[in-house]
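Heads up: take any position in the sequence shown, counting from 1, add 523, and you land on the working numbering.
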Amino acid sequence: MSDAHTRRIAETQYRTAGNLNARMQLHNRFSANPTGWAQWVFEQFDMPADGRVLELGCGSGALWTTNQDRIPDGWHITLTDCSKEMLDEARHNLDAVGRTFDYQIVDAQDIPLCDESVDAVIANHMLYHVSDRPRALAEIRRVLRPGGRLYATTNGSDHMRETSELMEHVGLPVMSSQVVTFTLENGSDELLEWFAHVEMQRYEDGLHVTEIQPVVDYILSMPNVSATENQLSEIRRIVGAEITRTGAYCIAKSSGMFIARREGALP
Ligand SMILES: C[S@@+](CC[C@H](N)C(=O)[O-])C[C@H]1O[C@@H](n2cnc3c(N)ncnc32)[C@H](O)[C@@H]1O
524 MSDAHTRRIA ETQYRTAGNL NARMQLHNRF SANPTGWAQW VFEQFDMPAD GRVLELGCGS
584 GALWTTNQDR IPDGWHITLT DCSKEMLDEA RHNLDAVGRT FDYQIVDAQD IPLCDESVDA
644 VIANHMLYHV SDRPRALAEI RRVLRPGGRL YATTNGSDHM RETSELMEHV GLPVMSSQVV
704 TFTLENGSDE LLEWFAHVEM QRYEDGLHVT EIQPVVDYIL SMPNVSATEN QLSEIRRIVG
764 AEITRTGAYC IAKSSGMFIA RREGALP
């Protein structure tokens, strides 16, 4: 049973895939790193050829559509999200991929799987949304086999600093406090309370945005943002002036992955 916070997230920010898609568009179109984020995430996985994989907060399933040509045949993959609409979107997007995935509505704080039943748990940009994270981490640890790994991605505190400053400048609320509670800087201390070994890999990237509208769409996709026409005009003016002056509006990114291993023999 989900708590009120998780239900609110599922019914507002993730009621449809629109907000997530607007953010992914900006990254997909204007990122400097030629290895896209979803490709890079996939390349960090080290799982048995017949591994059982659980993804929490799978969103629209981008990890699997992007990497569809290299998913090992032997993996048994369960995709889950607390939002029914996001899970439906993942199912729809993965329909054309010629392999089977299991789908289930799951709150990460209450995972309906047996103890020690999976080799890997993926939590891609989602743990910062979870209100009782210790409970979710206890659940993740419980379902992982000894030696199994949690692959948890998140952002650094400086991620997208320019858009945050822009939002602040025009008087828009910047990020919910949830997001800053699990960052690349502080996440490992929390994970070490549940896992024997934790390492962190950074993904080097930045955005060189050459159009105004994708920045506006990104800002409008953020939680609790409802901008007036004056605020939007000021955003357009600043971004447009920078593109005219230097050729691009540049945004710093800071993201990466924690790989946390449960104690015990490697699978
Ligand atoms: C930022 S999106 C990331 C989606 C996807 N992993 C990706 O990287 O494209 C966060 C996702 O986590 C889901 N989510 C938030 N809280 C959750 C919870 N407590 N349990 C399961 N899913 C949750 C949201 O519905 C949303 O789909």
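Where a beta carbon is used, it is the ideal one built from N, C-alpha and C, also for glycine.
Only a predicted model underlies this, so the values are computations on that prediction, with no experimental measurement involved.
By the 10 Å Cβ neighbour count, where 16 or more other Cβ atoms means buried, how is residue i classified, buried or exposed?
i    : result
R575 : buried
L715 : exposed
R494 : Residue 494 lies beyond the stretch modelled for the chain, which goes from 524 to 790, so this question has no answer here.
H720 : exposed
R706 : Here the sequence assigns Thr to residue 706, which means Arg is not the residue at that position. Buried: at least 16 other Cβ atoms inside 10 Å.
D638 : exposed
Q736 : exposed
K607 : exposed
H652 : buried
T623 : exposed
D573 : exposed
F781 : buried
T558 : exposed
I532 : buried
S749 : exposed
E786 : exposed
S700 : Reliability of the predicted coordinates at S700 is poor, the pLDDT of 49 falling under 50, and the value obtained from them is presented with this limitation in mind. Exposed.
S777 : buried
D681 : exposed
A788 : exposed
R552 : exposed
G770 : exposed
Provide the residue span of the alpha helix (DSSP H) that contains residue i, from first to last.
i    : result
L617 : K607 to L617
Q785 : Checking the sequence shown, residue 785 turns out to be Arg, not Gln. Segment: none, R785 is in no alpha helix (DSSP H) and carries neither H nor E.
I594 : That residue, I594, is in no alpha helix (DSSP H); it is neither H nor E in DSSP.
I628 : Premise fails: I628 lies in the beta strand (DSSP E), D625 to I628, not in any alpha helix (DSSP H).
E688 : R684 to H692
W563 : W560 to E566
M547 : G541 to F553
R760 : E752 to T769
I532 : A527 to E534
T704 : Note, T704: premise wrong, no alpha helix (DSSP H); not H, not E.
D712 : G710 to L715
L585 : According to the sequence shown, residue 585 is Ala rather than Leu. A585 to T589 is the span of the alpha helix (DSSP H), which, as asked, contains A585.
Check whether the Cβ of residue i sits closer than 8 Å to any heavy atom of ligand 1, and report yes or no.
i    : result
M780 : no
S713 : Reading off the sequence shown, one finds Glu at residue 713, where the question assumed Ser. Answer for E713: no, Cβ out of range of ligand 1.
S583 : yes
D604 : yes
Y674 : no
S525 : yes
E727 : no
A545 : no
L755 : no
L586 : yes
N647 : yes
D611 : no
G580 : yes
T529 : yes
A533 : yes
Q632 : yes
H652 : yes
V748 : no
V629 : yes
A659 : yes
Taking the continuous beta strand (DSSP E) assigned at residue i, which residues delimit it?
i    : result
Y741 : Where Y741 is concerned, there is no enclosing beta strand (DSSP E), although the alpha helix (DSSP H) it sits in stretches over Q736 to L743.
E722 : H720 to Y726
E578 : R575 to L579
I645 : V641 to N647
H731 : G729 to V732
P657 : Not the beta strand (DSSP E): P657 falls in the alpha helix (DSSP H), residues R656 to V666.
A775 : Y772 to A775
At a cut of 8 Å, does the stretch 724-736 reach the stretch 550-568 through at least three beta carbon pairs? yes
So does the stretch 752-765 actually touch the stretch 632-651, counting three or more Cβ pairs closer than 8 Å? Remark: fewer than three beta-carbon pairs, one from each stretch, lie closer than 8 Å, so the stretch 752-765 and the stretch 632-651 are not flagged as touching.
Report yes or no: do three or more beta-carbon pairs, one from the stretch 759-768 and one from the stretch 541-549, lie closer than 8 Å? no
Does the stretch 582-594 come within contact of the stretch 524-544, defined as at least 3 CB pairs closer than 8 Å? Three or more Cβ pairs drawn from the stretch 582-594 and the stretch 524-544 lie within less than 8 Å of each other, which places the two stretches in contact.
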